[in-house]
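Chemist: Protein chains in written order, with my numbering: chain S, 496 to 842; chain D, 496 to 842; chain F, 496 to 842.
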Amino acid sequence: MEKTLKELAEYLGGDLLGDGDVRITGVAGLDDAEERHISFLANQKYAARVATTRAGAVLLPPGAENYGRNAIVLGNPYLGFAKLVTLFYVRPPEMKGIMPGAYLGNGVVMGADVTVYPGASVGDGARLGDRVTLFPGVAVYDGAEIGSDTVLHANVSIRERCRVGSRVIIHNGAVVGSDGFGYAPDGRGHYKIPQVGIVVIEDDVEIGANTTIDRAALGATIIRRGTKIDNLVQIAHNCLVGEHCIIVSQVGVSGSTKLGDFVTLGGQVGVAGHLEIGARAMVGAKSGVHNSIPAGQVFSGIPALPHKQWLRTAMALPKVPELRKTVMDLERRIKDLEARLAAKEEE
Amino acid sequence: MEKTLKELAEYLGGDLLGDGDVRITGVAGLDDAEERHISFLANQKYAARVATTRAGAVLLPPGAENYGRNAIVLGNPYLGFAKLVTLFYVRPPEMKGIMPGAYLGNGVVMGADVTVYPGASVGDGARLGDRVTLFPGVAVYDGAEIGSDTVLHANVSIRERCRVGSRVIIHNGAVVGSDGFGYAPDGRGHYKIPQVGIVVIEDDVEIGANTTIDRAALGATIIRRGTKIDNLVQIAHNCLVGEHCIIVSQVGVSGSTKLGDFVTLGGQVGVAGHLEIGARAMVGAKSGVHNSIPAGQVFSGIPALPHKQWLRTAMALPKVPELRKTVMDLERRIKDLEARLAAKEEE
Amino acid sequence: MEKTLKELAEYLGGDLLGDGDVRITGVAGLDDAEERHISFLANQKYAARVATTRAGAVLLPPGAENYGRNAIVLGNPYLGFAKLVTLFYVRPPEMKGIMPGAYLGNGVVMGADVTVYPGASVGDGARLGDRVTLFPGVAVYDGAEIGSDTVLHANVSIRERCRVGSRVIIHNGAVVGSDGFGYAPDGRGHYKIPQVGIVVIEDDVEIGANTTIDRAALGATIIRRGTKIDNLVQIAHNCLVGEHCIIVSQVGVSGSTKLGDFVTLGGQVGVAGHLEIGARAMVGAKSGVHNSIPAGQVFSGIPALPHKQWLRTAMALPKVPELRKTVMDLERRIKDLEARLAAKEEE
């Protein structure tokens, strides 16, 4: 694909600076770009690299120095970059149909242009929307539903009766609808509480590789639309994850916890069960959350505190050994003062 | 399925309160229940909801107010709930036989009524007990053994020569018998120590989605009967996990560590290698265990401490910045006292 | 297989002590060994067990007491043990060819003696070197390349265009080349930044079960030769992992971070993005790394500190509650001194 800079400026709705006839065939970072590339400045820290890049053009935020470069000026160059990567590099998935070695159960209902690769299998009574792609080794269990334009990568499992929306991407090995972890002690051991609920994944969700989302005991574990979940995340049974959340790798959310919309959980965060994390709350990487967090708050630490308090605490902790020495010294000095003052008082 | 309340009371061995002829067709939580449901009170905190639920009947603990509701009174309503969910909703897996697209190696020994789905494969000389179910994409390697009534969900791997007991459930993507992580430095890099042992999973164990249990270097990694392991857990080579343990999601147990019976490890706990965690010990979520823990103890924190000490410590840590200020202030005041007292003494 | 002790001494280049004609048929730990085994002393702590083992011979470090046992003395008995386990127990993988139920796309290029098990699939234009083994359920996507003598265990995914070197072992369920986690906020939600780079795994790397390594946004995520990665590890997009690193289970490394050669990351460590961890640096288990670490340093803790400082801090923290009491007591005593001294001064 080849586009002129003028065409790209129109595509992005940005302002052209310099030669609109420059021909662009791809996107690259400022340091790696060649003349045929358009690059982007997303962080002012790297502004000086605009002067030295070999890129044929650069996406710039308003007010940034262009160092004589051809440029497109737009409010959000990072978003512009994302859109151009999509334009230049992303092709719609190939429609390959039901390939030999794909397995369809009884009563499967399918939309148009579905692709099922060899070794993928679809259980009895499952429903697949239009243009669904199931890569090799995908297992869609009986009665599950997959919305249109959804892509399930190799070795994904969608368990019985779970529902996945449209334009969802699920990466390799992720599991939707495994049993929640629930047992009742019966005096001898642990009696399994059958997990007879489901998982509902709404539209435009993306789920990372080897992430696991457990089905509800009763009812549904729900991931609302637009939420993005990274690799190796655990979402336990009966959780409700709001719209447009960002859940980074290796997070664990315990059972029945509710996340509001636009919540961000940093990598390796753990959240206890039956909590509420309010809309637009953020939790710093590796934190342990044992209490609900109000909307809009930023928390960090183990156990999690308001972020600024955690920063102050984290700075102070390494000084505790020294602090203990100081206190012992003060104690000695006080003892000395007490003795001397008592002597003085007895005079 | 439909049962009268009287039949359910007999089934559970509980005492009937109210109308035994009420017809029940399912189980639901207090808030979601309809008239056809039986619900349950497992936590006194929700006792008032017994008054407002629309459920046709409620499982209650002895002494709980029934607010005029039809009820079954029994010692452990939560266990009763689990048993009724099983009664109403759980059906034995369908016997489907060896389906087209299933692969059996040479010399496979199989019991009665085995189900092998398309895309599952069983290696040479493997043994499957009666009523084993292998979902699509399951890979049972050469010489592995799977006990009767065991269910392996889609994309589970059981590596060469590993042994899985009866009535075991392994969820999607879990790996039993991957190589332990062992290398000997050889001056240039890391020389692989072949992991020639196996994994033994005893009867009635449940293993969560994408959990990994490594084979022993020599000998066996052992998971004893009745133990329940959640998703994304790592059990390293040569570990011994006792009977009826509860291991919550994203826990990691390092090599050669031994867990006694009925040990509970909370989510995201890490346990170092070559330790012993005594029977019925509990470790709080996200803790880091660097030393052995005696039987029956509760530990928490990083590094893990006796739980009450950890609670006190965790409460105190956010006050360290203020404590440092206090100490600096005291130091100033002591300096002042010292000067003034010295002046007084010189009078 | 049977070898005389003399043959083994020559094989390992060690010094024979005792009867060279003893016949050895296997390797076992000091406690488990029988007369037909050779055992090894890798840790002086267990030196006394050399006296009591039933092993027919023992690998000993120079200067260790042999208690009259037949022995081979060599600089690194642990490496010798690893080599003997390889000698006695490891057989080259069986060459089985392209088995029925294996799927090959168009234009696949293959070396000699490739094994593709049933249910494994190889995408269009992929390349497999000599003696590659693909276990059941492996998905090699279009255009991927797999080097000679590499083994991909069941249900491994190698995504489009990724490159895996020679003599690489990838354990079950691991994912190479899933999309990096990158989005640009677009005012309504999160716009996906297409991840159009690849992953490059160099020669002699080993990757654990269910580990995930994300493809680069642009360019490549790189794992250099000889590096060993344990189970359930997350390596984010655009990371560079140097040669011969050791990355223990459940570690997470965020985007664009660079690890030098021979770096060791303990279990459950988290490393933030865009950092540099210098060559031969070590990070203790469960640490959270928010800043770059210079070469050769040992860091621990959350947030990570130089290891010795972390140890001192971790020892001191449980004493903070008591320290607070001490400080309150001192404050009271100072107040008392101040009052008494003021009274004295007014006299």
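Glycine included, each C-beta is placed from N, C-alpha and C at the ideal position.
Being a predicted model, the structure only gives us computed values, none of them experimental.
Does the distance between the C-beta of Q729/D and the nearest non-hydrogen atom of the ligand SAM fall short of 8 angstroms?
Modeler: As presented, the structure is devoid of all ligands, the ligand SAM included, so that no description of it is given.
Chemist: Check whether the Cβ atoms of D725/S and H739/S sit closer than 9 angstroms, and answer yes or no.
Modeler: The residue labelled residue 725/S in the question sits at position 230 within the first sequence. The residue labelled residue 739/S in the question sits at position 244 within the first sequence. No; because the gap between Cβ atoms is not below 9 angstroms, this pair is not in contact.
Chemist: Are V867/S and R658/S closer than 9 angstroms when you measure CB to CB?
Modeler: Chain S is shown only over 496 to 842; residue 867/S falls outside these bounds and no answer can be derived.
Chemist: If you follow the alpha helix (DSSP H) that T707/S is in, where does it begin and where does it stop?
Modeler: Working through the first sequence from its first residue, we reach residue 707/S at position 212. Run containing T707/S: none in the alpha helix (DSSP H); it sits in the beta strand (DSSP E), T707 to D709.
Chemist: Run through DSSP, which three-state label would D824/S get?
Modeler: In the first sequence, counting from the first residue as 1, residue 824/S sits at position 329. Helix.
Chemist: Name the residues in the stretch 727-741 of chain D whose C-beta lies less than 8 angstroms from a C-beta of chain S; which are they?
Modeler: If the cut-off is 8 angstroms between Cβ atoms, the stretch 727-741 of chain D has L727, E738, H739 and I741 near chain S.
Chemist: Can you tell me whether M777/S is buried or exposed? The criterion is at least 16 other CB atoms within 10 Å of its CB, across all chains shown.
Modeler: For the purposes of this step, residue 777/S is taken as the residue at position 282 of the first sequence. Buried: at least 16 other Cβ atoms inside 10 Å.
Chemist: Just by C-beta distance, which residues in the stretch 644-668 of chain F are closer than 9 angstroms to chain D?
Modeler: When C-beta distances to chain D are compared with 9 angstroms, the residues of the stretch 644-668 of chain F below that value are H648, A649, N650, I664, H666, N667 and G668, in chain order.
Chemist: Return the residues of the stretch 807-823 of chain S that lie within a Cβ-Cβ distance of less than 7 angstroms from chain D, sorted by chain order.
Modeler: R807, T808, A811, L812, K814, V815, L818, T821 and V822
Chemist: Does DSSP classify I829/F as helix, strand or coil?
Modeler: For the purposes of this step, residue 829/F is taken as the residue at position 334 of the third sequence. Here I829/F sits in helix by DSSP.
Chemist: Along chain D, in chain order, which residues have C-beta atoms closer than 7 angstroms to that of D674/S?
Modeler: Your numbering for residue 674/S matches position 179 in the first sequence. Here the neighbours are H666.
Chemist: Counting only the same chain and skipping the five closest in sequence on each side, list residues whose C-beta sits under 7 angstroms from that of S749/D.
Modeler: Position 254 of the second sequence, counting from 1, holds the residue named residue 749/D. Excluding residues within five positions, the ones whose Cβ falls inside 7 angstroms are A731, V766, A767 and G768.
Chemist: Would you please verify whether the beta carbon of T548/S is less than 9 angstroms from any beta carbon of chain F?
Modeler: The sequence position of residue 548/S within the first sequence is 53, counting from 1. For T548/S, the answer is no, since every Cβ of chain F falls outside 9 angstroms of its Cβ.
Chemist: For the beta strand (DSSP E) containing L511/S, name the first residue and the last one.
Modeler: Numbered from its first residue, the first sequence carries residue 511/S at position 16. For L511/S, the enclosing beta strand (DSSP E) begins and ends at D510 to L512.
Chemist: Can you tell which of Q729/S, A715/S and A552/S has its C-alpha closest to the C-alpha of L579/S?
Modeler: Locating residue 579/S in the first sequence gives position 84, counting from the first residue. Per the Cα distances, A552/S.
Chemist: Quick one, which of Q763/S, L770/S and I688/S has its alpha-carbon nearest F676/S's?
Modeler: On the first sequence, position 181 is the one that residue 676/S refers to. The shortest C-alpha separation from F676/S is found at I688/S.
Chemist: Using beta-carbon positions only, say whether A528/D and S534/D come within less than 9 angstroms of one another.
Modeler: Locating residue 528/D in the second sequence gives position 33, where the first residue counts as 1. Locating residue 534/D in the second sequence gives position 39, where the first residue counts as 1. Taking 9 angstroms as the Cβ cut-off, A528/D and S534/D qualify as a contacting pair.
Chemist: Ignoring anything shorter than 3 residues, give me the beta strand (DSSP E) runs that lie fully in the stretch 605-682 of chain S, in order along the chain.
Modeler: 670-673 and 678-680
Chemist: Could you pull out every residue in the same chain whose Cβ sits closer than 7 angstroms to the Cβ of T520/F, ignoring the five residues on either side in sequence?
Modeler: Within the third sequence, residue 520/F is the residue found at index 25, counting from 1. M496, E497 and R531.
Chemist: Are D514/S and N565/S close, meaning C-beta to C-beta below 9 angstroms?
Modeler: Your numbering for residue 514/S matches position 19 in the first sequence. Your numbering for residue 565/S matches position 70 in the first sequence. Closer than 9 angstroms, so yes.
Chemist: Does the Cβ-Cβ distance between R626/S and A607/S come in under 9 angstroms?
Modeler: Counting from 1 along the first sequence, the entry for residue 626/S is found at position 131. Counting from 1 along the first sequence, the entry for residue 607/S is found at position 112. Yes.
Chemist: Do the CB positions of L569/D and L555/D come within less than 9 angstroms of each other?
Modeler: The sequence position of residue 569/D within the second sequence is 74, counting from 1. The sequence position of residue 555/D within the second sequence is 60, counting from 1. Cβ atoms of L569/D and L555/D: closer than 9 angstroms.
Chemist: Locate the alpha helix (DSSP H) running through V700/S, then write down its first and last residues.
Modeler: Residue numbering aside, residue 700/S sits at position 205 when the first sequence is read from its first letter. Taken as a continuous stretch (DSSP letters only), V700/S belongs to no alpha helix (DSSP H), as it is neither H nor E.
Chemist: At what residues does the beta strand (DSSP E) containing H739/S begin and finish?
Modeler: Here residue 739/S refers to the residue found at position 244 of the first sequence. Looking at the DSSP string, H739/S is not in any beta strand (DSSP E), and its letter there is neither H nor E.
Chemist: Using a Cβ cut-off of 8 angstroms, which residues of the stretch 523-544 of chain S contact any Cβ in chain F, in chain order?
Modeler: A523, G524 and D527
Chemist: In three-state DSSP terms, what is R531/F?
Modeler: Within the third sequence, the letter at position 36 stands for residue 531/F. Reduced to three states, the DSSP call for R531/F is coil.
Chemist: Taking CB distances under 9 angstroms as the criterion, tell me whether I797/F reaches chain S.
Modeler: As a working note, residue 797/F is residue 302 in the third sequence. True, the Cβ-Cβ gap to chain S drops below 9 angstroms.
Chemist: Thinking C-alpha only, which one of G783/S, G660/S and P631/S is nearest G642/S?
Modeler: If you number the first sequence from 1, residue 642/S lands on position 147. Ranking G783/S, G660/S and P631/S by Cα distance to G642/S puts G660/S first.
Chemist: Is I696/D close to chain F, meaning its C-beta is less than 9 angstroms from at least one C-beta of that chain?
Modeler: Here residue 696/D refers to the residue found at position 201 when the second sequence is read from its first residue. So no, I696/D is outside the interface.
Chemist: Who does H785/S pair with in a DSSP beta bridge?
Modeler: As a first step, residue 785/S must be located in the first sequence, where it is residue number 290. None, per the DSSP bridge assignment.
Chemist: Use the C-beta contact count for G779/D: other C-beta atoms within 10 angstroms, 16 or more gives buried, fewer gives exposed.
Modeler: Taking the second sequence and counting its residues from 1, the one referred to as residue 779/D is at position 284. By the neighbour-count rule (16 or more Cβ atoms within 10 Å), G779/D is buried.
Chemist: Between N601/F and the rest of its own chain, which residues show a CB-CB distance below 6 angstroms, the 5 nearest in sequence each way excluded?
Modeler: Position 106 of the third sequence, counted from the first residue, corresponds to residue 601/F. Around N601/F: D619.
Chemist: Quick check: is the beta carbon of R835/F nearer than 9 angstroms to any beta carbon in chain S?
Modeler: In the third sequence, counting from the first residue as 1, residue 835/F sits at position 340. R835/F counts as touching chain S.
Chemist: Pick helix, strand or coil for A731/F, following the three-state DSSP scheme.
Modeler: Against the third sequence, residue 731/F aligns to sequence position 236. Coil at A731/F, not helix or strand.
Chemist: Which of the three DSSP states is assigned to M777/D in this structure?
Modeler: Here residue 777/D is taken as the residue at index 282 of the second sequence, counted from 1. If DSSP states are grouped into helix, strand and coil, M777/D belongs with the strands.
Chemist: Ignoring anything shorter than 3 residues or poking outside the stretch 560-599 of chain S, list the beta strand (DSSP E) runs there in chain order.
Modeler: 566-568
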